[in-house]
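S.K.: Residue 140 is where the sequence shown starts when you use our numbering, and the numbers rise one by one after that. Glycine included, each C-beta is placed from N, C-alpha and C at the ideal position. Every value quoted in this text rests on a predicted model; they were computed, and no experiment measured them.
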Amino acid sequence: MSEEKKKLYLLDAYALIYRAYYAFIKNPRINSKGFNTSAVFGFTNSLLEILTKEDPTHIAVVFDPSGPTFRHEEYPEYKANREATPEDIKLSVPYIKSVIEALNIPVIVKDGFEADDVIGTLSALASKEGFETYMMTPDKDYSQLVKDNVFMYKPRSFGGGIDIWGVEEVKAKFGIEKPIQVIDILALWGDSADNIPGCPGVGEKRAKDMINAYGSIDGIYEHVEELKGKQKENMINFEEQVRLSYHLATIRLDVPVELNEKELKREKPNMDAVNKLFEELEFKNLISRVNKLFGSAPVQGDLFGAPAADSDKNVEEEVYTSHKTINDVVHHYYLIDSEMKLASLRAELSVQDRFSFDTETTSVNAMEADLVGMSFSWIANEAYYVPVPSDKEKATAFVESFRSIFEDSKVLKIAQNLKYDMLVLKKYGIDVKGPYFDTMVAHHLLYPGMKNNMDFMAETYLDYTPVSFESVVGPKGAKQKNMRDLSPEAVVDYAAEDADITLQLAEKFMPEIAESDVKQLFDEIEMPLIAVLADMEFEGVTLDDKALHDFAAKLRTKIIAIEKQIIELAGMEFNIASPKQVGEVLFGHLKIDEKAKKTKSGQYSTNEETLQKLKDKHEIIPAILEHRGLVKLLNTYVEALPKLINTSTNRIHTSYNQAIVVTGRLSSTNPNLQNIPIRDDNGKEIRKAFTASDEDRVFLSADYSQVELRLMAHFSKDEHLIDAFNRGEDIHAATAAKIFKVPLDEVDADMRRKAKTANFGIIYGISAFGLAERLTIPRKEAKAIIEGYFESFPGVKAFMDESVNIARENNFVETLYHRKRNLSDINSRNGVVRGMAERNAINAPIQGTAADIIKQAMVNVQKRFEEENIQSKMILQVHDELNFDVLKSEQDVVMKIVKEEMERAIKLSVPLEVDMGVGKNWLEAH
140 MSEEKKKLYL LDAYALIYRA YYAFIKNPRI NSKGFNTSAV FGFTNSLLEI LTKEDPTHIA
200 VVFDPSGPTF RHEEYPEYKA NREATPEDIK LSVPYIKSVI EALNIPVIVK DGFEADDVIG
260 TLSALASKEG FETYMMTPDK DYSQLVKDNV FMYKPRSFGG GIDIWGVEEV KAKFGIEKPI
320 QVIDILALWG DSADNIPGCP GVGEKRAKDM INAYGSIDGI YEHVEELKGK QKENMINFEE
380 QVRLSYHLAT IRLDVPVELN EKELKREKPN MDAVNKLFEE LEFKNLISRV NKLFGSAPVQ
440 GDLFGAPAAD SDKNVEEEVY TSHKTINDVV HHYYLIDSEM KLASLRAELS VQDRFSFDTE
500 TTSVNAMEAD LVGMSFSWIA NEAYYVPVPS DKEKATAFVE SFRSIFEDSK VLKIAQNLKY
560 DMLVLKKYGI DVKGPYFDTM VAHHLLYPGM KNNMDFMAET YLDYTPVSFE SVVGPKGAKQ
620 KNMRDLSPEA VVDYAAEDAD ITLQLAEKFM PEIAESDVKQ LFDEIEMPLI AVLADMEFEG
680 VTLDDKALHD FAAKLRTKII AIEKQIIELA GMEFNIASPK QVGEVLFGHL KIDEKAKKTK
740 SGQYSTNEET LQKLKDKHEI IPAILEHRGL VKLLNTYVEA LPKLINTSTN RIHTSYNQAI
800 VVTGRLSSTN PNLQNIPIRD DNGKEIRKAF TASDEDRVFL SADYSQVELR LMAHFSKDEH
860 LIDAFNRGED IHAATAAKIF KVPLDEVDAD MRRKAKTANF GIIYGISAFG LAERLTIPRK
920 EAKAIIEGYF ESFPGVKAFM DESVNIAREN NFVETLYHRK RNLSDINSRN GVVRGMAERN
980 AINAPIQGTA ADIIKQAMVN VQKRFEEENI QSKMILQVHD ELNFDVLKSE QDVVMKIVKE
1040 EMERAIKLSV PLEVDMGVGK NWLEAH
């Protein structure tokens, strides 16, 4: 029997921690305690990936020391330009070390030496002992260490897989004869991250070319007279700097550490410590994964014991938890399975001033779901489950018997994601009347940015883990059962518990809402809005699918023609859908950009941002961009939308989400109507397909005009901005006149374009660099425009500064309606992290207030419709726009109501204005 191959994995801790943290920077993982777990989760996930997929025999995680290293002592400027470590990373490191310790993996730190040097030394020692060593790091510097049995295990951009670099891969990547020459390239090229200076005027490509030509730094200096011009001059003048850079870039192989095979040998983890730690961090999915990985699947309440003999649950699906479960709490859940019990339940419900309810159905799509049962609760730990007949007619008659209960406007209806239950009941002819209390929306307002699902909230606020859906219907997959397939006895605990737990959560959140600044927002906007959204979703919107089918055919013809044009321009056949092949054609074959950047995976970057910058360099690039746009349009909308038409109603029924976007904006899914393109002719064809429902109706579009700029005027109190809006001036022309110091009537189209971009960009904290990119102008000119803007509108600059200061003091900002946006990174010492928080501090009050205003308008419009018995319907909300299916006979009165209610949704220091249009379809109306 052959001896097991020894595989050693050495992880560069901080490189992986930073990578994990920044992978979630735009959408950080925040747990119930407000702790940013992004770095811990990302690092842990990477570690588990190695243990799962690579099955190392030996492993260690190497950290940099807390103090300076020999490089700092020899060159004080080493890493001097690095941003401060983000506070969230500092707080995460102890947890990461605890995870590593719980997994029984050794941590190695050596004072005075970086992780690079420790890993370099260990890999050299391991090589002599017959190990196959993998250095896990995204850092290119490690390439110099690669040899026959030492590899780089290099993560791509987060979630993009792994590249393993051996000798041949390093040689190909750097265009060199042997990996050790990476040091020479770095010595010339320098490293801005580490503040290694290199040689001025020598970038990546030139460094590779020079080492390829002369073999080494020494080789270059032996032939320095062959160099020309500035390159020769710099190499001579900065020789000492180049030599220093070589020294700094060289990873040491003589660190005083030992290769202790016994200590590095992979051991079984301490599952008790792992589970408790993951529970604290709220890594629910990782708990299940790590238990399966290490062959331990502890059941609830008994970490090491076997499941009870009468348990019929799938042990592999169980997860360790310290929370109480249905088995630990005295509860009374009743199955209502007789007429006597049903009559008693209705009688009890009819005298309650509030109750919680939930529906069990056959689908997560409310418009496709059939009702299987309903559960009710009005006392904690007590609930009732009522099965509903499977026959549709009998079910409708059965649900009808609950009409007076659901439609009693004196009784508070409590639910989790109430809109779903309202939609399901609406299909059976029941309109659930307010007042309402939705625990999901309440939590979203009280704790913005946190998860809003019931299981998370139950564990966080009630110390309770509910019965899982999978434990009732089975694991996900083809064999998973439907609620309709189960007996009422099998469903009762799960269903009744949902109503019970929702009631308990409501009892916790109600006093918090009552005492908070968001009470008015919750009571007067968010709760009434649920009924408005339910009505809109139920009504749906008519889609001309034939027009889309015809348009799809035209698009396919156009795409084929452009593909042919691109191939001709390239002078060779290639797969236009492959970013890798596109990069090779543009930058390898056509040589459009000698300085073309490559991604971490080693291929040329061909994303839209990159190609937009080069679109004037070669006519093939606009063709590729157009091709991509048309393919996306075809796949995402033109072909997809007809498939979403409900076969029962022949309409599209999007689903609006109130509790996802932290700014308060509504989002929509199935389909996402917030991103319907409108700017170009092709995109307009899609809006054209959204039509009035019949010949007696028209499509009405009502759009707030420049609402965010008007809010900026109100927030900033800038007298010039307020005056321009109050005089009804073209705000972009008025801005241009101020910035460029010309009379209003002398503002030309180009000036207005630049001012418009500045107006909207400044709301989002645009930089001179960003404005220059957007306007395709020199950065100096962009800087002058921004400076001119702030000089012309000093109140805007004062507001922006004040918003950042308020955020720094409170760690949050808020809208005019007191919707909060938490900004825990606002005081970070890391400039990138802090900068993002500062931009949000400026934008969130404006964007969030705009979201609150249109929600208020929706509630007010619907109320007027009901009061005046209007039969026309509100059918779509998209950003700052409301759309209606309007009876021609009601057109004038509907336009009057909509304009009035939208424009007086809130009183500002400047008027709100609404642009309106009507037509046969959305395009004509908009």
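1) Which one or two residues does DSSP pair with Glu1020 in a beta bridge?
2) Mind checking Arg1043: buried by the 16 CB within 10 Å criterion, or exposed?
3) Please state the DSSP three-state secondary structure of Asp560.
4) With which residues is Leu474 paired in a DSSP beta bridge?
5) Can you name the residues that DSSP bridges to Trp304?
6) Can you grab the Cα-Cα spacing for the pair Leu264 / Leu325, in whole Å?
7) Just checking, does the segment 827–839 make contact with the segment 886–903 on the three C-beta pairs under 8 Å criterion?
8) In the DSSP assignment, the alpha helix (DSSP H) including Thr874 goes from what residue to what residue?
9) Taking 9 Å as the cut-off, decide whether the C-beta atoms of Val837 and Val563 are in contact.
10) Cα separation between Ile156 and Phe202?
11) Hey, Ser502 and Glu676: beta-carbon distance below 9 Å or not?
12) Which first and last residues belong to the alpha helix (DSSP H) in which Asp991 is found?
13) Given this structure, state the Cα-to-Cα distance separating Leu442 from Thr599, to the nearest angstrom.
14) So, for Glu1020: in the same chain, excluding its five sequence neighbours on each side, which residues have a beta-carbon less than 8 Å away from its beta-carbon?
15) In the structure shown, what three-state DSSP assignment does Asn944 receive?
16) Which one of Lys146, Val321, Gln995 has the shortest CA to CA distance from Lys192?
17) Where does Thr954 land, buried or exposed, given buried means 16+ other C-beta within 10 angstroms?
18) Please report the Cβ distance between His688 and Ala709, rounded to the nearest whole angstrom; I am assuming they are in contact, meaning their Cβ atoms lie under 8 Å.
19) Can you check DSSP and say which residues form a bridge with Glu271?
20) State buried or exposed for Ser1028, treating a residue as buried only when at least 16 other CB atoms are found within 10 Å of its CB.
21) Put Arg778 into one of helix, strand or coil per three-state DSSP.
22) Return the CA-CA distance between Gln720 and Leu750, expressed in angstroms with no decimal places.
23) Express the C-alpha separation of Gly568 and Val438 in angstroms, rounding to a whole number.
24) By how many angstroms is the C-alpha of Val680 removed from the C-alpha of Asn1060?
25) Distance, Cα to Cα, Leu772 vs Asn966?
26) How would you call Asn424, buried or exposed, if buried means at least 16 neighbouring beta carbons within 10 angstroms?
27) Which residues in the same chain as Pro195 place their Cβ atom closer than 8 Å to its Cβ, once the five residues preceding and following it in sequence are excluded?
28) Give, in chain order, every unbroken run of the beta strand (DSSP E) that is at least 3 residues long and sits entirely within the segment 904–957.
29) What does a CB cutoff of less than 8 Å around Gln380 pick up in its chain, not counting 5 residues either side in sequence?
30) According to DSSP, is Met1055 part of a helix, a strand, or is it coil?
31) Taking 9 Å as the threshold (C-beta atoms), are Asn175 and Ser237 in contact?
32) Taking 6 Å as the limit between beta carbons, can you name the residues of its chain near Thr276, skipping five residues before and five after?
33) What does DSSP give as the partner residue(s) for Asp577 in the beta ladder?
34) Return the first residue and the last residue of the beta strand (DSSP E) that Ile518 is part of.
35) With DSSP as the reference, identify every bridge partner of His197, one or two as the case may be.
36) Tell me which residue opens and which closes the alpha helix (DSSP H) that Asn351 is part of.
M.R.: From the atom records:
1) Taking the sequence shown and counting its residues from 1, one reaches residue 1020 at position 881. The partner list for Glu1020 (beta bridge, DSSP) reads Asp842, Val1017.
2) Within the sequence shown, residue 1043 is the residue found at index 904, counting from 1. Arg1043 is exposed by the Cβ-count criterion.
3) Residue 560 sits at position 421 when you count from the first residue of the sequence shown. Of the three classes helix, strand and coil, the one that applies to Asp560 here is helix, per DSSP.
4) Locating residue 474 in the sequence shown gives position 335, where the first residue counts as 1. The partner list for Leu474 (beta bridge, DSSP) reads Tyr524.
5) Position 165 of the sequence shown holds residue 304. Met291, per the DSSP bridge assignment.
6) Counting from 1 along the sequence shown, the entry for residue 264 is found at position 125. Counting from 1 along the sequence shown, the entry for residue 325 is found at position 186. So the alpha carbons of these two residues sit roughly 24 Å apart.
7) no
8) Taking the first residue of the sequence shown as position 1, residue 874 is located at position 735. Residues 870–879.
9) For the purposes of this step, residue 837 is taken as the residue at position 698 of the sequence shown. For the purposes of this step, residue 563 is taken as the residue at position 424 of the sequence shown. No, these two residues do not count as a Cβ contact at 9 Å.
10) By 1-based counting over the sequence shown, the position of residue 156 is 17. By 1-based counting over the sequence shown, the position of residue 202 is 63. Rounded to the nearest angstrom, the two C-alpha atoms are 10 Å apart.
11) Start at 1 with the first residue of the sequence shown, and residue 502 comes out as number 363. Start at 1 with the first residue of the sequence shown, and residue 676 comes out as number 537. No, these two residues do not count as a Cβ contact at 9 Å.
12) In the sequence shown, counting from the first residue as 1, residue 991 sits at position 852. Its alpha helix (DSSP H) spans residues 970–1006.
13) Numbered from its first residue, the sequence shown carries residue 442 at position 303. Numbered from its first residue, the sequence shown carries residue 599 at position 460. Annotation note: pLDDT 25 at Leu442 (below 50); position unreliable, coordinate value reported separately. The alpha-carbon atoms of Leu442 and Thr599 are separated by roughly 20 Å.
14) By 1-based counting over the sequence shown, the position of residue 1020 is 881. Excluding residues within five positions, the ones whose Cβ falls inside 8 Å are Ser840, Ala841, Asp842, Tyr843, His1065.
15) The count along the sequence shown starts at 1 and reaches residue 944 at position 805. Asn944: helix per DSSP, three-state reduction.
16) If you number the sequence shown from 1, residue 192 lands on position 53. Of Lys146, Val321, Gln995, the residue nearest in Cα terms is Lys146.
17) Within the sequence shown, numbered from 1, the residue matching residue 954 stands at position 815. So Thr954 counts as buried.
18) Residue 688 sits at position 549 when you count from the first residue of the sequence shown. Residue 709 sits at position 570 when you count from the first residue of the sequence shown. Contact doesn't hold; Cβ gap of about 32 Å is too wide.
19) For this step, residue 271 is matched to residue 132 along the sequence shown. Bridge partners of Glu271: Lys146.
20) On the sequence shown, residue 1028 is found 889 positions in, with the first residue counted as 1. Counting Cβ neighbours within 10 Å, Ser1028 comes out exposed, since fewer than 16 surround it.
21) As a working note, residue 778 is residue 639 in the sequence shown. According to the sequence shown, residue 778 is Glu rather than Arg. DSSP places Glu778 in coil when its eight states are reduced to three.
22) Taking the sequence shown and counting its residues from 1, one reaches residue 720 at position 581. Taking the sequence shown and counting its residues from 1, one reaches residue 750 at position 611. Looking at the two C-alpha atoms, the distance is approximately 14 Å.
23) Counting from 1 along the sequence shown, the entry for residue 438 is found at position 299. Counting from 1 along the sequence shown, the entry for residue 568 is found at position 429. Its pLDDT being 34, under 50, Val438 is placed unreliably in this model, and the coordinates cannot settle the point.
24) Within the sequence shown, residue 1060 is the residue found at index 921, counting from 1. Within the sequence shown, residue 680 is the residue found at index 541, counting from 1. So the alpha carbons of these two residues sit roughly 11 Å apart.
25) Translated into the one-based positions of the sequence shown, residue 772 becomes position 633. Translated into the one-based positions of the sequence shown, residue 966 becomes position 827. Distance between the alpha carbons of Leu772 and Asn966 is about 41 Å.
26) Within the sequence shown, residue 424 is the residue found at index 285, counting from 1. Exposed, by the Cβ-count rule.
27) As a working mapping, residue 195 is identified with position 56 in the sequence shown. Answer for Pro195: Lys146, Leu147, Tyr148, Ile189, Tyr273, Arg405, listed in chain order.
28) 951–953
29) Counting from 1 along the sequence shown, the entry for residue 380 is found at position 241. Closer than 8 Å at the Cβ level, and outside the excluded window around Gln380, lie Pro336, Gly337, Cys338.
30) What you label residue 1055 is simply residue 916 of the sequence shown in a count that begins at 1. Looking at Met1055 - three-state DSSP - the assignment turns out to be strand.
31) Position 98 of the sequence shown holds residue 237. Position 36 of the sequence shown holds residue 175. No.
32) Position 137 of the sequence shown holds residue 276. Within the same chain, Thr276 has close Cβ partners Asp151, Ala154.
33) Locating residue 577 in the sequence shown gives position 438, where the first residue counts as 1. Ala554.
34) Position 379 of the sequence shown, counted from the first residue, corresponds to residue 518. Run containing Ile518: 510–518, per the beta strand (DSSP E) assignment.
35) The residue you call residue 197 lines up with position 58 of the sequence shown. For His197, which the question treats as bridged, DSSP gives the partners Leu147, Lys404.
36) Within the sequence shown, numbered from 1, the residue matching residue 351 stands at position 212. Taken as a continuous stretch (DSSP letters only), the alpha helix (DSSP H) holding Asn351 covers 343–353.
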